[in-house]
Structures are given as C-alpha cells and as structure tokens.
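Note sheet for the following structure.
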Amino acid sequence: MTRVVLLGSSPGPIGSEAGAPPVPPTDLPLPSLPGAPTVYGRLLQQLASLDPEPVTIARPADAAAFRVQPARVAESADVAGDLRALADAVEGSTDNVLILPANALLHDELIYQLTKAKRGAIALILREERDENAPEPPPIEEAEPEIGTAVLEGLPQRTRAGRGRVISVGTAHHAVTRPNAALLGPIHVQQKHVATLAEVARELADLVHLVGPEDVKDKDDVTELLVFGLVRRGVSVGVRGRRDLFYRRLHDPAEAVAALAEMATFNEDRARLDNAVKGADGFFTTFFVSTYSRFLARWAARRGLTPNQVTLISIFTGLLAAGAFATGTRPGYVAGGVLIYFAFVFDCVDGQVARYARQFGVLGAWLDATFDRFKEYACFVGLAIGATVSGQFGDGEGVWTLALVALALQSVKHLLDFSFGAANRRKPPVPLPTLELTAADDRPLREALETRKLNRSGGVHAMLRFWARAGRFRPMHWARKMIVFPIGERFAAIALVTAFFDPRVTFLTLIVWGGVAATYTLTGRLLRSLA
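With UniProt numbering, the residue at position 230 of the sequence shown is 230, and numbering never jumps.
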C-alpha cells in the first residue's frame with residue numbers, strides 16, 4: 001500500500017489568470033472524458049488501488065466539497081497549516097508516501113512510474129531545454145546563488161537538477177545556484193524517508209510561520225518546500241521528467257478543456273509499452289530485439305498470456321535449438337541459430353509482458369534468471385553432441401573440452417556478477433551533505449559537494465570518473481556494453497558463428513570473448529571495491 005496525500009489548497013505560485021481565484025478541483029469538470037468526472041473525482045479513481053481513502057488537505061471554505069468524495073479531509077488555513085497537516089498524515093506510516101496536488105490531471109502510467117521508482121524519493125520536474133548554440137554557462141562554483149525569477153511554462157524555475165537527482169532547491173526566501181528546472185508537484189517518498197519527511201514538514205511550518213503568512217502567500221508551493229527540505233536533510237531526491245506522459249495542474253474550466261485537448265495528443269499506451277523495455281540493455285538486444293519485441297509483448301498481454309507462459313515458450317524454443325545443434329548438420333546448425341535467437345526474443349518478451357501488464361511474481365523472476373542459464377548450457381551440450389555426431393572432429397573430445405571451459409568461464413562470470421551485486425546491496429549509501437533549513441542560500445551545500453569531489457579527484461576515483469565520462473560518447477557507450485558479453489551478445493554469437501562455421505569456432509569465440517569480458521569485469525569490480 002501507499003499513503004496518498006492530496007493538496008487541495010491553493011497551489012502556491014502556480015495560479016490562474018491575473019488575480020482570479022482558482023476553481024476548486026471538485027468543481028472542475030472534464031467534459032470529454034466518460035462520465036464527465038471532476039478533476040478531483042478522476043484523481044481519486046486513479047489512486048484507488050494505492051489508497052482507497054487518501055488524505056486531502058483543504059481550505060476550510062472548500063472542505064465540505066472535498067468531503068463528498070471518499071477521502072479523509074484535513075482543514076488548513078495557510079501554507080504552514082498544510083505542512084503540519086501533511087506531517088500528521090504521514091507520521092508513523094509504514095507505507096511509502098505519494099503527494100499530489102488535488103487539481104492534477106495526469107496519466108495513470110505517470111503515477112505508476114513515480115510510485116515504482118526505486119529511488120528513496122523522486123520528484124516530477126520540468127527541465128530547462130538548453131540551446132545547443134548558446135555559450136557555455138560559467139562553472140557552477142563561480143555562479144552566485146539567486147532567488148529564482150525565471151519561469152518554465154509559468155512555473156518558477158527554482159531547482160538545480162543534476163544527472164539523475166535534485167542538487168539544490170530554492171524557495172521564495174532561499175536562493176539557489178544556477179537553477180535549471182521547475183518542480184511540477186508530485187513527490188513519491190519511500191518508507192525509510194517518511195520520518196524525515198514529517199520532521200522536515202514540521203520544521204518548515206515553523207519557518208513559514210516566522211516569515212508570516214502574508215509574506216509567503218502565493219509565493220511558496222508546498223511540494224517545492226518539501227523537496228527543498230528533503231534535499232537539505234541529505235535525502236537523494238531523484239528526478240523524472242514529463243517527456244512522453246501528460247501532467248498539468250488545472251485552475252479553471254478553460255484550462256481543463258485546453259489540457260484535455262493536449263492530453264489527447266499523447267499516446268499513453270505507447271509510453272507504457274516503451275517503459276516496459278529495459279533502458280540499460282546491450283547493443284544487440286536494443287537494436288535487434290527490443291525494436292519489435294515490445295509489440296509481441298503487447299500482443300501477448302492483450303490475449304491473456306502470462307509472463308511465466310512466455311518464459312516456458314522461451315525454454316521450449318531453447319531446447320529445440322539445442323536439439324537442432326545436436327544433429328551435427330549444416331541445416332541443423334542454421335535452424336539452431338534461428339531457434340536460439342527466438343528463444344532469446346521470448347526471453348525479452350516475458351519481462352516486457354510483466355512490466356506492461358503489471359504481472360510480477362517471485363516464481364517468474366526465479367524462472368527467468370535460472371532458465372536463461374539452462375537454455376545457454378543446453379545449447380553448449382547440443383553443440384558438443386553435434387560436433388561428435390558429425391565426425392568432423394574425430395571422437396569430439398577436444399570440442400567437449402572447449403565446451404566445459406566455456407561453461408566454467410561463464411559460470412565464474414555469473415558468480416562474480418551476483419556476488420558483487422549482493423555485496424553492493426549490503427554497502428551503506430554514501431551520505432549526501434546536509435544544510436540547515438534557515439540558510440539563506442545553497443553556498444555551504446555547494447562547497448560540501450565540491451570538497452567531496454576534490455577528495456575523490458585522484459587515484460582510483462579519477463580513473464573511474466574518466467571511464468564514466470567516456471561513456472557519454474555513443475560509440476564508447478555501446479563498446480562498453482558489448483565488451484562485458486551480455487546474454488544478447490552471447491546468444492547472437494552462438495547463433496551466427498554456428499550457422500556460418502562450426503561448434504569448435506563457436507566455443508573458441510565464447511572462450512576468447514568471455515575471457516576478455518571476465519577480465520574487464522573483474523578489473524572494474526576490484527577498482528570499484530577499492531574506491
């Protein structure tokens with residue numbers, strides 16, 4: 001379960017036209033949707049599977065309208081009250097927390113992507129698009145903090161976002177160095193950081209109260225204040241852009257009509273399908289499988305096939321490939337190559353079906369991880385039998401030796417991968433620098449990050465950073481993906497080399513490429529362990 005908190009009060013700096021009071025989301029209809037629900041009613045329907053009775057924080061004048069819906073309502077007179085009510089709602093919770101403006105119109109898929117993120121906290125942002133022809137900005141250490149005055153699509157630009165996380169956040173009273181993004185509203189916080197969230201909300205409520213309600217009226221947004229507080233408390237807040245999914249806060253009927261028209265131009269199903277594909281796959285998988293396997297996954301999901309059933313198809317196809325290899329004939333080698341390729345395709349499809357159809361299970365994860373190895377090693381046996389049956393290599397003893405070496409090498413590589421992953425999961429995360437909420441700007445935070453960077457600027461750290469930067473170049477990125485000999489490349493090597501040559505050449509290819517991969521992987525693991 002997820003604890004959901006909806007902010008039904010005025011959304012701070014993001015308001016409607018020229019002083020006109022925003023229309024409560026309970027009175028904003030969405031006429032083009034089935035049943036013409038209100039913005040708030042539709043949001044409750046979308047969130048029902050996460051929290052059937054979310055907490056809605058509303059102004060006293062609007063509280064009665066919110067109570068008509070199946071939601072708990074907490075009344076609040078100002079921003080400070082909003083923060084205290086939110087702290088009361090989440091304090092002591094053993095669930096993750098999702099915070100959303102109650103006037104949000106967004107896709108179901110975006111809610112899913114936010115709530116399933118593995119980051120300790122994640123916020124939806126709108127990032128500044130950089131002009132390729134614009135001059136390079138000055139180094140961040142030379143920039144002066146400032147109160148963000150620029151806007152992105154009407155949103156205050158008071159956030160500094162880096163590669164994957166929020167670096168710093170400003171408010172109406174706190175300056176930030178070189179802001180490049182605006183916070184859109186939704187925040188998802190994992191249970192381990194909920195206590196920090198509640199603590200930060202209470203401290204910010206006192207801080208806002210000291211400033212005075214008139215000074216902060218329509219200047220600070222609750223979600224922006226919360227991310228500001230989490231970042232200054234050392235919580236790593238990841239970022240997610242809008243990109244292919246729709247999100248908008250609505251304030252009046254005209255905005256609602258325009259937003260529905262814009263939302264209709266987004267293909268939510270295609271975005272969901274694209275998100276079902278892993279983003280960090282190897283070269284062969286990315287360009288020769290995932291380009292179409294996602295459509296097979298959608299076809300399978302719409303016909304009721306489960307991920308486990310697709311996994312069984314993959315296993316059966318892999319065994320057929322091993323049987324074809326065992327014939328020891330050229331047609332058998334070619335047929336085996338085609339079959340092992342499609343066994344790998346179905347191996348990709350089962351995970352994509354699981355992510356597209358939201359069908360996850362321990363059995364499926366175990367089957368997928370275990371029988372990937374089973375198919376691969378079955379093909380090793382089939383190739384060795386085929387070499388023996390063909391009589392091309394005498395009694396085939398030499399080929400069997402190569403098969404055992406290839407199997408042992410691959411097993412050792414898997415052992416290195418799994419053991420290193422387990423060790424990393426036990427390693428405590430590197431703490432981020434913290435900063436008092438009362439600090440007027442982010443200079444101390446920036447200096448702490450620079451100091452940490454200097455402390456890690458030599459030796460092993462420098463080598464790892466150089467190698468990481470090299471990966472920004474696409475050819476180097478894909479070369480690094482291929483050198484580790486992932487499963488897609490291994491199955492492609494088995495299929496192509498066997499179809500055009502013979503089992504002995506296949507095993508030699510697996511041993512040589514696998515040896516390079518194991519050496520590269522082991523070196524990287526050692527360097528990262530030392531770092």
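Even for Gly, the Cβ is constructed at its ideal location relative to N, Cα and C.
Measuring alpha carbon to alpha carbon, tell me which residue in the options is nearest residue i.
i	options	result
residue 192	158, 269, 207 and 91	91
residue 68	38, 95 and 331	38
residue 230	255, 203, 272 and 4	203
residue 183	429, 55, 177 and 242	242
residue 198	97, 248 and 176	97
residue 128	66, 160 and 238	160
residue 274	418, 297 and 171	297
residue 494	87, 336, 521 and 305	336
residue 437	167, 88, 200 and 351	200
residue 172	474, 530, 440 and 446	440
residue 224	421, 169 and 261	169
residue 491	408, 113, 510 and 254	510
residue 524	63, 398 and 484	484
residue 116	468, 174 and 190	190
residue 30	44, 256, 263 and 112	256
Would you grab the beta carbon distance between residue i and residue j for me? Rounded to a whole angstrom, and I think it's under 8 Å.
i	j	result
residue 99	residue 187	5 Å
residue 486	residue 282	4 Å
residue 47	residue 4	5 Å
residue 78	residue 1	Contact doesn't hold; Cβ gap of about 30 Å is too wide.
residue 305	residue 321	That belief does not hold up - the Cβ atoms of residue 305 and residue 321 are roughly 21 Å apart, past 8 Å.
How is residue i classed by DSSP in three states: helix, strand or coil?
i	result
residue 3	strand
residue 487	helix
residue 462	helix
residue 49	coil
residue 128	coil
residue 532	Absent from the structure is residue 532, since the part of the chain shown begins at 1 and ends at 531.
residue 156	strand
residue 434	coil
residue 59	coil
residue 168	strand
residue 277	coil
residue 248	strand
residue 35	coil
residue 147	coil
residue 194	helix
residue 422	helix
residue 8	coil
residue 188	strand
residue 74	strand
residue 358	coil
residue 381	helix
residue 444	helix
residue 308	helix
Within a Cβ cutoff of 6 Å, which residues of the same chain sit near residue i, ignoring the five residues on either side of it in sequence?
i	result
residue 12	Here residue 12 scores only 47 on pLDDT, less than 50, and its place in the model should not be relied on; the value that follows carries that caveat. Taken in chain order, the residues that qualify are 220 and 221.
residue 85	57, 74 and 76
residue 328	386, 389 and 390
residue 488	282, 284 and 285
residue 502	none
residue 6	54, 56, 100 and 102
residue 371	315
residue 448	433
residue 25	39, 40, 102 and 103
residue 532	Since the first residue of the chain shown is 1 and the last is 531, residue 532 is not available in this structure.
Spatial neighbours of residue i within its chain, please: CB distance less than 7 Å, with the 5 preceding and 5 following residues excluded, ordered by chain position.
i	result
residue 480	471
residue 434	232, 233 and 234
residue 87	198, 201 and 202
residue 227	123, 166, 169, 183, 187 and 237
Decide if residue i is buried, meaning its Cβ has at least 16 other Cβ atoms within 10 Å, or exposed.
i	result
residue 216	Here residue 216 scores only 46 on pLDDT, less than 50, and its place in the model is too uncertain to base an answer on.
residue 9	buried
residue 118	exposed
residue 463	exposed
residue 103	buried
residue 347	buried
residue 49	exposed
residue 426	exposed
residue 410	buried
residue 394	exposed
residue 267	exposed
residue 40	buried
residue 505	exposed
residue 330	exposed
residue 70	exposed
Kindly list the residues whose CB is nearer than 8 Å to the CB of residue i, restricted to its own chain and excluding five residues on each side of it in sequence; keep chain order.
i	result
residue 247	104, 105, 106, 107, 110, 124, 184, 185 and 186
residue 522	416
residue 407	377 and 380
Step through the CB atoms of chain E and report whether any lies within less than 9 Å of the CB of residue i.
i	result
residue 60	Here there is only one protein chain, and chain E is not present.
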